[in-house]
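Those protein sequence lines, which keep their order, are chains X and L. Just so we're aligned: 289 in my numbering is position 281 of the first sequence, and the numbers increase by one with no gaps anywhere. Just so we're aligned: 59 in my numbering is position 41 of the second sequence, and the numbers increase by one with no gaps anywhere. Note that CB positions come from ideal geometry on N, CA and C, so glycine has one too.
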Amino acid sequence: MATQQTQLLARTLLTPAVALLFIWMIVPLALTIYFATLHYNLLDPGSESFVGLENFRYFLTDPAFLASLQNTLVLVGSVLAITIILGVPLALLLDQQVVGLSIVRLMVIAPFFVMPTVSALVWKNLLMHPVSGLFAWIAQLFGLPAIDWFNDAPLFSVILIISWQWLPFATLILLTALQSLDEEQKEAAEMDGASAISTFIYITLPHLARPITVVILIETIFLLTVFAEIFVTTGGGPGLQTTNIAFLIYSQALIQYDVGSASAGGLVAVVLANIVAFFLVRIVGRNLEA
Amino acid sequence: MARMVTTRNKVISTAAAWLVGFLIFFPILWMVLASFKTELEAFAIPPSFLFFHWTTENYVTVQERSDYLHHALNSIIIAGGSTLIAMLIAIPAAWSMAFSPTKRTKDVLLWMLSTKMMPPVGVLVPIYLIYRTFGLLDTRSGLIFILCLGNLPIVIWMLFTYFKEIPKDILEAARMDGATIGRELIYVLTPMAVPGLASTLLLNLILAWNEAFWTLNLSTLEAAPLTVFIASYSSPEGLFWAKLSAASTLAIAPILVLGWFSQRQLVRGLTFGAVK
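This is how it looks when you write it as structure tokens:
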């Protein structure tokens, strides 16, 4: 009797959250699917008509789609590579005996808390400006020509900024994982005469495999839809050079007001994200049992 | 001999760690310095690092010219409001899943997590049109609502992992002593849950404060929080580097402080307990 009451109470407490999230998941998605099958442009009201899969054909065969898909993959891949290749040694370094470690850790983690629009604009202007930026001055000191970052290597510039934002995240997670590594295991390996390098390869790296996977999955989910950094620095340009899928959909929806085609693009983005999400949910779920 | 090696290692790793830490932090430091320069000095080549004419003039101008406080207030209301509402919805839900789990609890949790995986851009069109229809574009309540929904899965997850750690025996003991559910909640559970509640609150304030997809797309002026206000410097006004820096410093300072307090919870919150 009491248990039944408790269960009823438990269900009542859970309902609002489940209902809200259910609506949040279903309604916009259903509308996106519906709009994706329409010819629907906000600049041309009253002309809505059913066109089947025409929007998908249009979106997927648009050269801008291939370009933006490529940019998205390059951006995600590069930022992942940079943050993990730099994050592992950085986490190892912070796991050593360091005087003033708490201050160093604060400095390392700080970029993650800077809002995206601020990081993007500070990097673009104060650091990367071809004439008055700090990088230009440093290049000048070494007698090198200044680089016009956002014209000569726009996508790379965006990647650089985003990597700076996400390096702290990767480092912090890897560091947390390192700190849970059994010291005795490492000491035993050292006693047996293992070199620092083989200790790293055979003990530390396998221990980091899981956190690295988690970093890859979570970063991918956020990086697939990078928007603000592109919005305030390049606006997707020059040409399409920094347009990713998210920015392409945005420009079709809110600049060209092409609701149908933007919706089709939105669904493509949902499918892409779900491929990643599938693996992440499995990893998290496995952890839930333990 | 061994001691000497450890001391030397310690010196080397300390020096390396400080150098790397400084390099990573440098862009923020450089921005803060620029905010105290005059526009001419902020632009100057070669740049001056410390020996320039320090001025707080930019901070005054930013407020006077662009009504900085209006946007800061929007940020506070939107981030605070969405976080509080999300907490109110999430506490009972996380509570019930942690203390009366059923066979389906795990599936419900994973399903909630999967709603967070939906890329916002996938539903930009319908949300924009719904907001336009109901006059919610550029309103604070519209932003509060969407940010609340966006962060709800994370809030529930974090709270769930914290509640899960509260030993169940204590509840049973209280029940044995004849405590009602209400008393149990107020006197036994709340004190134990406060640290978890606080960290969840903190992390979600940070996430909501820095959110820059929905805020950029759904607000322009009236309801625009600081993310959008800063973005307005990307236009020709971006030439005013000292003012951009002053506005940016003000925008990130409070969150940097909160963030430093919550760095441990960050890992937990953003990995959904997959890394502890």
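If you drop the 5 nearest sequence neighbours on each side, which residues of the same chain put their C-beta closer than 8 Å to that of residue i?
i: L163 of chain X; result: N79, V82, L83, Q249 and T250
i: M19 of chain L; result: Summary for M19 of chain L: the model assigns pLDDT 44, below 50, so the residue's position carries little reliability; its value from the coordinates is reported in the next sentence. Taken in chain order, the list of residues that qualify is empty.
i: W302 of chain L; result: The question about residue 302 of chain L has no answer, for chain L in this structure spans 19 to 294.
i: T74 of chain L; result: F54
i: Y86 of chain L; result: V80, F247, A265 and L268
i: V139 of chain L; result: F231
i: A277 of chain X; result: L232, T233, I253, A254 and I257
i: A281 of chain X; result: I229, L232 and T233
Our contact map puts residue i next to residue j with C-beta atoms below 8 Å; I'd like the distance itself, whole angstroms only.
i: I164 of chain L; j: I148 of chain L; result: Going by Cβ atoms, the distance from I164 of chain L to I148 of chain L rounds to 10 Å, so no, they are not a contact pair.
i: F67 of chain X; j: G273 of chain X; result: 5 Å
i: T69 of chain X; j: F58 of chain X; result: About 20 Å separates the two Cβ atoms, so there is no contact after all.
i: L236 of chain L; j: A261 of chain X; result: Not really, about 12 Å apart at Cβ, beyond 8 Å.
i: L88 of chain X; j: T228 of chain X; result: 7 Å
i: H137 of chain X; j: A144 of chain X; result: 7 Å
i: P119 of chain X; j: Q173 of chain X; result: 5 Å
i: T91 of chain X; j: L275 of chain X; result: T91 of chain X to L275 of chain X, Cβ: 29 Å. No contact.
i: I270 of chain L; j: F121 of chain X; result: 7 Å
i: V166 of chain X; j: P45 of chain L; result: 15 Å between Cβ atoms; not a contact.
Below 7 Å CB to CB, which residues in the same chain sit around residue i once its five sequence neighbours on both sides are set aside?
i: V234 of chain X; result: L83, I170, N252 and A254
i: A111 of chain L; result: I174
i: I181 of chain X; result: P219, V222 and V223
i: L183 of chain X; result: A99, L102 and D103
i: P171 of chain L; result: M130, L131, T133 and K134
i: S100 of chain L; result: I162, L165, C166, N169 and A226
i: S250 of chain L; result: none
i: G277 of chain L; result: I224
i: T238 of chain L; result: D156
i: F61 of chain L; result: W259
Let's see if you can read the secondary structure: which residues bound the alpha helix (DSSP H) around residue i?
i: L284 of chain L; result: Q281 to L288
i: P71 of chain X; result: P71 to L102
i: I125 of chain L; result: One point to set straight first is that residue 125 of chain L is Asp, not Ile, in the sequence displayed. Unbroken alpha helix (DSSP H) run through D125 of chain L: T123 to K134.
i: Q173 of chain X; result: P162 to Q187
i: K194 of chain X; result: E191 to M199
i: I107 of chain L; result: Y86 to F117
i: T221 of chain X; result: L213 to L231
i: T251 of chain X; result: Note, T251 of chain X: premise wrong, no alpha helix (DSSP H); not H, not E.
i: L234 of chain L; result: W232 to L236
i: Y149 of chain L; result: L142 to T151
i: F10 of chain L; result: The requested residue 10 of chain L is not part of the displayed model; chain L covers only 19 to 294.
i: Y180 of chain L; result: R158 to K182
i: A211 of chain L; result: T208 to N228
i: Q145 of chain X; result: The sequence shown places Trp at residue 145 of chain X, rather than the Gln named in the question. Residues L142 to L149.
i: I238 of chain X; result: A236 to T241
i: M194 of chain L; result: K186 to M194
i: L109 of chain X; result: L109 to I117
Give me the chain L residues within the contact set of residue i, using Cβ-Cβ distance strictly less than 8 Å, ordered along the chain.
i: T250 of chain X; result: Per Cβ cutoff of 8 Å: no residues; T250 of chain X is ~14 Å from chain L at best.
i: Y258 of chain X; result: V139, L142 and N235
i: P124 of chain X; result: N228, A230 and T245
To which residues of the same chain is residue i closer than 6 Å at the C-beta, ignoring the five residues directly before and after it?
i: A264 of chain L; result: S53, N76, Y77 and V80
i: I103 of chain L; result: C166
i: M9 of chain X; result: Legend: pLDDT at M9 of chain X = 42, less than 50; position of this residue unreliable, value from coordinates given subsequently. Cβ neighbours of M9 of chain X beyond the five flanking positions: none.
i: M199 of chain X; result: none
i: F70 of chain L; result: K55 and E59
i: I273 of chain L; result: I224 and W227
i: G141 of chain X; result: L135
i: A236 of chain X; result: P124 and T125
So which residues of chain X does residue i contact, with C-beta pairs closer than 7 Å?
i: I107 of chain L; result: P24, A25 and L28
i: P10 of chain L; result: In the structure displayed, chain L extends from 19 to 294; residue 10 of chain L sits before or after that span and is not available.
i: Y295 of chain L; result: Absent from the structure is residue 295 of chain L, since the part of chain L shown begins at 19 and ends at 294.
i: M49 of chain L; result: V130 and L134
i: S113 of chain L; result: As written in the sequence, residue 113 of chain L is Trp, which differs from the Ser given in the question. L21, listed in chain order.
Kindly list, in the order they appear in chain X, the residues whose Cβ is closer than 8 Å to that of residue i.
i: L42 of chain L; result: Note that residue 42 of chain L is Ile in the sequence shown here, rather than Leu. Per Cβ cutoff of 8 Å: M115, V116, A118, P119, W172, L175 and P176.
i: F61 of chain L; result: S140
What does residue i touch in chain L if you count any residue whose Cβ is under 9 Å from its own?
i: G274 of chain X; result: P137, V139, G140, V141, L142, V143 and P144
i: L39 of chain X; result: V141, V143, P144, I145, L147 and I148
Applying a beta-carbon distance threshold of less than 7 Å, which residues of chain L neighbour residue i?
i: N282 of chain X; result: M135
i: T14 of chain X; result: S118
i: L77 of chain X; result: What L77 of chain X touches in chain L: nothing, since even the nearest Cβ is about 14 Å away.
i: P36 of chain X; result: V141, P144 and I145
Checklist entry - Between the region 178-189 of chain L and the region 141-161 of chain L, are three or more C-beta pairs nearer than 8 Å? => result Here the region 178-189 of chain L does not lie against the region 141-161 of chain L, with fewer than 3 beta-carbon pairs under 8 Å apart.
Checklist entry - For the region 220-240 of chain L against the region 208-216 of chain X, are there 3 or more C-beta pairs whose distance is under 8 Å? => result No contact exists between the region 220-240 of chain L and the region 208-216 of chain X.
Next on the checklist: For the pair the region 116-131 of chain X and the region 195-210 of chain X, tell me if three or more CB-CB distances fall below 8 Å.
Outcome noted: No: fewer than three Cβ pairs fall under 8 Å.
Checklist entry - Hey, is the region 275-288 of chain L in contact with the region 166-181 of chain L, meaning 3+ C-beta pairs nearer than 8 Å? => result The answer is yes - the region 166-181 of chain L touches the region 275-288 of chain L, with three or more Cβ pairs under 8 Å.
Item to check | Three-pair Cβ contact test at 8 Å for the region 38-54 of chain X versus the region 260-270 of chain X | outcome: Contact between the region 38-54 of chain X and the region 260-270 of chain X is present: three or more C-beta pairs spanning the two stretches fall below 8 Å.
Checklist entry - Do the region 108-118 of chain X and the region 28-41 of chain L touch if we need at least three Cβ pairs shorter than 8 Å? => result Here the region 108-118 of chain X makes contact with the region 28-41 of chain L; the two share three or more CB pairs at distances below 8 Å.
Item to check | contact_flag[the region 232-246 of chain L, the region 204-220 of chain L] where n(CB pairs < 8 Å) is 3 or more | outcome: The answer is no - the region 204-220 of chain L does not touch the region 232-246 of chain L, with fewer than three Cβ pairs under 8 Å.
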